[in-house]
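Note that the protein sequences, when read in sequence, are chains A and B.
Under the working numbering, the residues of the first sequence are numbered 6 to 192, in order.
Under the working numbering, the residues of the second sequence are numbered 6 to 192, in order.
The next block holds one structure in the form of structure tokens; read it before the comments.
2 protein chains.
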Amino acid sequence: MGDRLRKHIEEVVPLSDDEYAFVLSHFSKEAYGKNDFIIQQGESVNHCYFVISGLLKLDYNGLDGKDHIISFAMENWWESDFAAFFTQTKAQMSLQCIEETHVLSISLNNYNKLAADFPKMEYFFLKKSNAGHIASQRRILSFLTSSAKERYEQLLEQYPILFQRVPKMLLASYLGVSRETLSRLSH
Amino acid sequence: MGDRLRKHIEEVVPLSDDEYAFVLSHFSKEAYGKNDFIIQQGESVNHCYFVISGLLKLDYNGLDGKDHIISFAMENWWESDFAAFFTQTKAQMSLQCIEETHVLSISLNNYNKLAADFPKMEYFFLKKSNAGHIASQRRILSFLTSSAKERYEQLLEQYPILFQRVPKMLLASYLGVSRETLSRLSH
DNA sequence: TCATAATTGTGATGTTTGTCACACAATAGT
DNA sequence: ACTATTGTGTGACAAACATCACAATTATGA
Chain A
6 MGDRLRKHIE EVVPLSDDEY AFVLSHFSKE AYGKNDFIIQ QGESVNHCYF VISGLLKLDY
66 NGLDGKDHII SFAMENWWES DFAAFFTQTK AQMSLQCIEE THVLSISLNN YNKLAADFPK
126 MEYFFLKKSN AGHIASQRRI LSFLTSSAKE RYEQLLEQYP ILFQRVPKML LASYLGVSRE
186 TLSRLSH
Chain B
6 MGDRLRKHIE EVVPLSDDEY AFVLSHFSKE AYGKNDFIIQ QGESVNHCYF VISGLLKLDY
66 NGLDGKDHII SFAMENWWES DFAAFFTQTK AQMSLQCIEE THVLSISLNN YNKLAADFPK
126 MEYFFLKKSN AGHIASQRRI LSFLTSSAKE RYEQLLEQYP ILFQRVPKML LASYLGVSRE
186 TLSRLSH
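As structure tokens, this is what we get:
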């Protein structure tokens, strides 16, 4: 479990023991309980997080008070309010634990230092960012092309595990439908 | 006009004349006519494009034969089917000119070489990729939080120029509503 | 310039989805 | 074990949006 980050990075670039130790020295380990907020809307965002275990939701609370889930973050995912993190502005989203969660966090300073001092990691971050961009485009496409029922079925196919770990009202919020509609879609 | 790319890069990192010449040597200039395809669904995607002038649409043709526009690309935008480009798979989207368009294209080889040989550009590409990811998240959020009418008004506010350059049926396709609904929303 | 194609507006109608209301089930904390 | 809280299912109704049909307008090209 201690080297989950290493395995994750080595899917993109190989690392020696020393290199991994150097990388790891830029992170700090944090633990959160269920329902804890890692990022709160309106506060400043100083870190980006790698999920070791547990489950997070990145969400936006609209003026109507409704919860809109931009993404879930499971084991091996990177998450933050990236807009706020990279531009050092206040969070427009919150990052909250759905389960007890362990993360490795990296500050923007350390992120920049790591990228600047260690080309392998700049390459890794670039790959990850591109992958994130592509994943977001896929999600946009599903809104453009698919009905609520189709989006539900796509999610069920792609991340069946979510249906066991996440209350359905949150899945509804992720899919962009009301919980009542989601309930009716499932049969 | 010839140094539009340079100005664009220098918004992120400064470049000497020599450095810019080096960067530029990795690109080739291409011109396309209205309605030309730069990328066709099903073909391989060997390049990523920087728009010097003109206007493109990145779209997906569903099984129903409908056009779903993932994004428009105007002056100073980078566009490609990034999933296909980075993983060297077949295009799932098409990239087509709405207007006569001039681009600078870079192959994946040159992209990787440029990033590897010239840290400033790897940094630049990382910044751009992060910005793209953030922009996509904003778009997801607008689908989650906003009605068709609200999305229409957001688009009108953010890119009024599109309403002069793009047929409304394409805007409808971008917003995810029928052209009839869009027509009714506009008054 | 004229004919053709592409785009736009609008009514009538049906489908999908949201909202409100309430009962019931599951979960968490003491 | 027992409340309080949180989550789920379902009916009735309203709102948003899609679809079809057709007329009107605006580009486009030989």
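Cβ coordinates follow ideal geometry from the N, Cα and C atoms, glycine included.
Spatial distance of residue i from residue j (CA atoms)
i	j	result
S99 of chain A	Q93 of chain A	15 Å
G70 of chain A	L175 of chain A	14 Å
M79 of chain A	D22 of chain B	45 Å
A26 of chain B	D122 of chain B	14 Å
R144 of chain A	D41 of chain A	27 Å
G38 of chain B	V171 of chain B	15 Å
K154 of chain B	K12 of chain B	36 Å
V108 of chain B	L20 of chain B	21 Å
A140 of chain B	R189 of chain A	32 Å
T150 of chain B	S134 of chain B	24 Å
F148 of chain B	V28 of chain A	37 Å
N117 of chain A	E158 of chain A	39 Å
F129 of chain A	T106 of chain B	33 Å
I74 of chain A	F87 of chain A	15 Å
R184 of chain B	R156 of chain A	22 Å
S191 of chain A	F90 of chain A	37 Å
L160 of chain A	Q45 of chain B	28 Å
V17 of chain A	I111 of chain B	22 Å
H31 of chain B	E104 of chain B	25 Å
G47 of chain B	I14 of chain A	31 Å
Y173 of chain B	R9 of chain A	It should be noted that the sequence gives Lys, not Tyr, for residue 173 of chain B. Between K173 of chain B and R9 of chain A, the C-alpha separation is close to 49 Å.
G67 of chain A	E84 of chain A	20 Å
E162 of chain A	Y54 of chain A	26 Å
L146 of chain B	L131 of chain B	23 Å
S152 of chain A	L187 of chain A	12 Å
I43 of chain A	G137 of chain B	24 Å
Secondary structure of residue i, DSSP reduced to three states
i	result
N66 of chain A	strand
V171 of chain A	coil
D23 of chain A	helix
E127 of chain B	helix
T150 of chain A	helix
Y179 of chain A	helix
T94 of chain A	coil
Q45 of chain A	coil
V108 of chain B	strand
L100 of chain B	strand
E15 of chain B	helix
Range covered by the beta strand (DSSP E) that runs through residue i
i	result
K34 of chain A	32 to 37
I74 of chain B	72 to 78
Contact list for residue i against chain B, beta-carbon separation under 7 Å
i	result
G137 of chain A	H138
S141 of chain A	H138, S141, Q142, I145
H73 of chain A	L146, L149, T150
The alpha helix (DSSP H) enclosing residue i, as first and last residue numbers
i	result
S188 of chain B	184 to 190
Y54 of chain B	Looking at the DSSP string, Y54 of chain B is not in any alpha helix (DSSP H); the run it does join, the beta strand (DSSP E), is 52 to 58.
Y116 of chain A	113 to 122
Neighbour list for residue i in chain A, Cβ cutoff strictly below 9 Å
i	result
E5 of chain B	With chain B covering only 6 through 192, there is no way to say anything about residue 5 of chain B.
Y65 of chain B	L146, L149, T150
Residue i: contacting residues in chain A (beta-carbon distance under 7 Å)
i	result
G47 of chain B	Those within 7 Å of G47 of chain B in chain A number zero; the least Cβ separation is about 16 Å.
A88 of chain B	I139
9 Å Cβ cut-off: residues of chain B touching residue i
i	result
Y54 of chain A	Those do not exist, as Y54 of chain A stays about 15 Å from chain B at its closest Cβ, beyond 9 Å.
F91 of chain A	K132, N135, A136, I139
Amino acids of chain B, ordered along the chain, whose beta-carbon sits closer than 8 Å to that of residue i
i	result
G181 of chain A	F148, L149
I166 of chain A	Ordered by position in chain B, no residue passes the 8 Å Cβ test against I166 of chain A, which lies about 21 Å from the chain.
Residue i Cβ short of 7 Å to the ligand COA heavy atom set
i	result
Y25 of chain A	You won't find the ligand COA in this model; it holds no ligand whatsoever.
Taking one C-beta from the stretch 160 to 174 of chain B and one from the stretch 152 to 169 of chain A each time, how about it: are there three or more such pairs within less than 8 Å?
Fewer than three pairs of CB atoms, one per stretch, sit closer than 8 Å, so the stretch 160 to 174 of chain B makes no contact with the stretch 152 to 169 of chain A.
Are the stretch 55 to 64 of chain A and the stretch 96 to 111 of chain A touching by the rule of at least three beta carbon pairs closer than 8 Å?
At 8 Å Cβ cutoff, the stretches touch.
Count Cβ pairs between the stretch 178 to 189 of chain A and the stretch 122 to 132 of chain B that sit closer than 8 Å; are there 3 or more?
No contact exists between the stretch 178 to 189 of chain A and the stretch 122 to 132 of chain B.
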